[in-house]
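> Per my numbering, the very first residue in the sequence shown carries number 30; after that it's consecutive.
Beta carbons are placed, not taken as given, at the ideal position from N, Cα and C, and that holds for glycine.
This is the structure, below, for whatever I ask next.
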Amino acid sequence: MQAVVQQQALGPQQQQQGRARPATAAAPPPRAGYGSSAARQRSSTGASSSSSSSKSVRVPPVCARRERDPIVAPVIQMGPQDEEVMDLYGFLLRNRIVFINRRISDEVATQVVASLLALDSLDPDQEIKLYINCPQGSPYSVVAILDTIRAIRAPVSTVGFGIVGGTAAAVLAAGTKGRRFSMENTRILLQQPMGGLQGSADECNITASELNRNMQVMYRFLSEFTGLPTDQVEMECDRDNFLSPKQAIELGLIDGVIA
Numbered sequence: 030m031q032a033v034v035q036q037q038a039l040g041p042q043q044q045q046q047g048r049a050r051p052a053t054a055a056a057p058p059p060r061a062g063y064g065s066s067a068a069r070q071r072s073s074t075g076a077s078s079s080s081s082s083s084k085s086v087r088v089p090p091v092c093a094r095r096e097r098d099p100i101v102a103p104v105i106q107m108g109p110q111d112e113e114v115m116d117l118y119g120f121l122l123r124n125r126i127v128f129i130n131r132r133i134s135d136e137v138a139t140q141v142v143a144s145l146l147a148l149d150s151l152d153p154d155q156e157i158k159l160y161i162n163c164p165q166g167s168p169y170s171v172v173a174i175l176d177t178i179r180a181i182r183a184p185v186s187t188v189g190f191g192i193v194g195g196t197a198a199a200v201l202a203a204g205t206k207g208r209r210f211s212m213e214n215t216r217i218l219l220q221q222p223m224g225g226l227q228g229s230a231d232e233c234n235i236t237a238s239e240l241n242r243n244m245q246v247m248y249r250f251l252s253e254f255t256g257l258p259t260d261q262v263e264m265e266c267d268r269d270n271f272l273s274p275k276q277a278i279e280l281g282l283i284d285g286v287i288a
């Protein structure tokens with residue numbers, strides 16, 4: 030009863046303020062120094078300095094992979110005190126070893142021919158070892174190597190490893206008789222020389238005639254190196270013919286297997 034009387038004693042304006050007071054929640058206290066102008070100035074100054082510092086240290090992006098990474102051949106140290114350093118292929122060339130490890134192009138044929146001529150001029154009586162791991166080759170480039178092998182005086186021992194295919198099989202068979210070998214798991218592929226045609230009809234006919242001539246030249250070389258008649262060589266190369274080392278020995282392509 031006493032509380033009711035006190036509520037009636039209050040004025041209407043005070044009653045309205047009393048009812049409105051519980052509905053409003055207390056606002057959280059402002060952070061110390063955040064709302065002040067000095068704090069805002071310090072924050073803006075710090076942001077600008079951090080952005081300027083980040084801009085000053087930013088470096089342009091660097092490509093992690095180069096377009097053409099150089100292939101550095103390992104070096105071999107020689108001499109009593111290892112004072113002489115030689116790259117791998119130079120060391121092999123000094124020991125009269127030549128490698129064909131990719132498709133026989135004009136560049137590869139030039140390097141091989143130059144190596145054969147240089148080694149033959151140094152010692153025409155000592156053997157040259159020619160290691161071949163090549164799936165195919167240009168007929169013109171292969172003929173350049175074959176003519177050089179026949180022209181030099183030094184005996185050439187050929188060794189096939191990996192895959193020896195297409196016109197590269199003629200290089201394997203071009204070694205000196207009795208010195209033509211292959212590794213135990215080498216695959217030897219006999220096939221027709223490959224080529225393409227483009228241009229007008231007359232130009233395609235000319236190119237087709239040249240491809241046919243190259244094919245006959247390859248068959249003639251294989252017949253000479255293996256002792257097989259040309260008709261049998263053409264039959265063996267008519268389609269892709271994968272041979273094991275044992276089958277290659279039976280056809281006269283190689284003389285032995287290195288096991």
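Considering R179, what are the terminal residues of the alpha helix (DSSP H) in which it resides?
Within the sequence shown, the letter at position 150 stands for residue 179. Where R179 is concerned, the enclosing alpha helix (DSSP H) stretches over 168-180.
> Compute the distance between the beta-carbons of G189 and L201, then report whether it is under 8 Å.
For the purposes of this step, residue 189 is taken as residue 160 along the sequence shown, with counting starting at 1. For the purposes of this step, residue 201 is taken as residue 172 along the sequence shown, with counting starting at 1. Contact: yes.
> Quick check on A61: does DSSP put it in helix, strand or coil?
As a working note, residue 61 is residue 32 in the sequence shown. Because the pLDDT at A61 is just 49, under 50, the model does not fix this residue reliably, and the point stays unresolved.
> My assumption, with CB atoms under 8 Å, is that Q165 sits in contact with G194. Please give the rounded CB distance.
For the purposes of this step, residue 165 is identified with residue 136 of the sequence shown, where counting begins at 1. For the purposes of this step, residue 194 is identified with residue 165 of the sequence shown, where counting begins at 1. The pair is a contact, with the Cβ atoms about 6 Å apart (cut-off 8 Å).
> Within 8 Å, do at least three Cβ pairs link the region 225-235 to the region 205-212?
no
> Can you tell me the Cα-Cα spacing of N124 and A288, whole angstroms?
Sequence index remark: in the sequence shown, residue 124 carries index 95 (1-based). Sequence index remark: in the sequence shown, residue 288 carries index 259 (1-based). The alpha-carbon atoms of N124 and A288 are separated by roughly 22 Å.
> Please list, in chain order, all residues of the same chain as G256 whose beta carbon is under 8 Å from its beta carbon, the five residues on each side excluded.
In the sequence shown, the residue the question calls residue 256 occupies position 227. The answer, listed in chain order, is G281.
> Please classify L117 as buried or exposed, where buried requires at least 16 other C-beta atoms within 10 Å of its C-beta.
Locating residue 117 in the sequence shown gives position 88, counting from the first residue. Result: exposed.
> Mapping DSSP to helix, strand and coil, what is R249?
Within the sequence shown, numbered from 1, the residue matching residue 249 stands at position 220. DSSP places R249 in helix when its eight states are reduced to three.
> Tell me the rounded alpha-carbon separation between S278 and A147.
Residue numbering aside, residue 278 sits at position 249 when the sequence shown is read from its first letter. Residue numbering aside, residue 147 sits at position 118 when the sequence shown is read from its first letter. Residue identity check: residue 278 is Ile in the sequence provided, not Ser. Approximately 31 Å, taken between the alpha carbons.
> To which residues does DSSP link F271 through a beta bridge?
As a working mapping, residue 271 is identified with position 242 in the sequence shown. Beta-bridge pairing links F271 to L218.
> Between the beta-carbon of Y160 and the beta-carbon of F120, is there less than 8 Å?
Numbered from 1 along the sequence shown, position 131 holds the residue referred to as residue 160. Numbered from 1 along the sequence shown, position 91 holds the residue referred to as residue 120. For the 8 Å CB-CB criterion, Y160 and F120 do not form a contact.
> Can you check whether the CB of P274 is closer than 8 Å to the CB of V286?
Looking up residue 286 in the sequence shown gives position 257. Looking up residue 274 in the sequence shown gives position 245. Cβ atoms of V286 and P274: closer than 8 Å.
> Go to L201, then tell me how far its alpha helix (DSSP H) extends in each direction, as first and last residue.
For this step, residue 201 is matched to residue 172 along the sequence shown. 197-202 is the span of the alpha helix (DSSP H), which, as asked, contains L201.
> Would the beta-carbon of A198 fall within 8 Å of that of I174?
To locate residue 198, count along the sequence shown from 1; it is residue 169. To locate residue 174, count along the sequence shown from 1; it is residue 145. Not closer than 8 Å, so no.
> So the candidates are D152, D135, P168, P153; which of them puts its Cα closest to the Cα of E239?
For this step, residue 239 is matched to residue 210 along the sequence shown. The option with the nearest alpha carbon to E239 is P168.
> Leaving out five residues before and five after V172 in sequence, what residues of the same chain have Cβ atoms less than 7 Å from its Cβ?
Counting from one through the sequence shown, the residue named residue 172 turns up at place 143. Correct list, in chain order: V246.
> Does the distance from the C-beta atom of R268 to that of T259 stay below 8 Å?
Within the sequence shown, numbered from 1, the residue matching residue 268 stands at position 239. Within the sequence shown, numbered from 1, the residue matching residue 259 stands at position 230. No; because the gap between Cβ atoms is not below 8 Å, this pair is not in contact.
> Let's see if you can read the secondary structure: which residues bound the beta strand (DSSP E) around M212?
For the purposes of this step, residue 212 is taken as residue 183 along the sequence shown, with counting starting at 1. That run of the beta strand (DSSP E) goes 209-212.
> Measure the alpha-carbon distance for L218 versus Q140 and round it to whole angstroms.
Along the sequence shown, one-based indexing puts residue 218 at 189. Along the sequence shown, one-based indexing puts residue 140 at 111. Roughly 24 Å between the two C-alpha positions.
> What residue range does the beta strand (DSSP E) around L151 cover?
Counted from its first residue, the sequence shown places residue 151 at position 122. L151 -> not in any beta strand (DSSP E); alpha helix (DSSP H) instead, spanning 135-151.
> In the DSSP assignment, what residue or residues form a beta bridge with Y118?
For the purposes of this step, residue 118 is identified with residue 89 of the sequence shown, where counting begins at 1. Looking at the DSSP assignment, Y118 forms no beta bridge with any residue, so it has no partner.
> Within 10 Å of its beta-carbon, does A237 have 16 or more other beta-carbons around it, so buried, or fewer, so exposed?
Residue numbering aside, residue 237 sits at position 208 when the sequence shown is read from its first letter. Its Cβ having fewer than 16 others within 10 Å, A237 is exposed.
> Just checking my contact of F254 with A203 at CB under 8 Å: how many whole Å lie between their CB atoms?
To locate residue 254, count along the sequence shown from 1; it is residue 225. To locate residue 203, count along the sequence shown from 1; it is residue 174. 6 Å between Cβ atoms; contact.
> Thinking just about the alpha-carbon of each residue, which of G228, Q276, G225 is nearest to the one in R216?
Within the sequence shown, numbered from 1, the residue matching residue 216 stands at position 187. Selection G228, Q276, G225 evaluated against R216 yields Q276 as nearest (Cα-Cα).
> Between A183 and D152, is the Cβ-Cβ spacing less than 8 Å?
On the sequence shown, position 154 is the one that residue 183 refers to. On the sequence shown, position 123 is the one that residue 152 refers to. Yes, these two residues count as a Cβ contact at 8 Å.
> Does the Cβ of K206 have 16 or more other Cβ atoms within 10 Å, making it buried, or fewer, making it exposed?
Against the sequence shown, residue 206 aligns to sequence position 177. K206 comes out exposed.
> Here's a check: name, in chain order, each residue in its chain whose Cβ is nearer than 6 Å to the Cβ of N130, leaving out the five neighbours to either side.
As a working note, residue 130 is residue 101 in the sequence shown. Once the five neighbours on either side are set aside, the close Cβ partners of N130 are N162.
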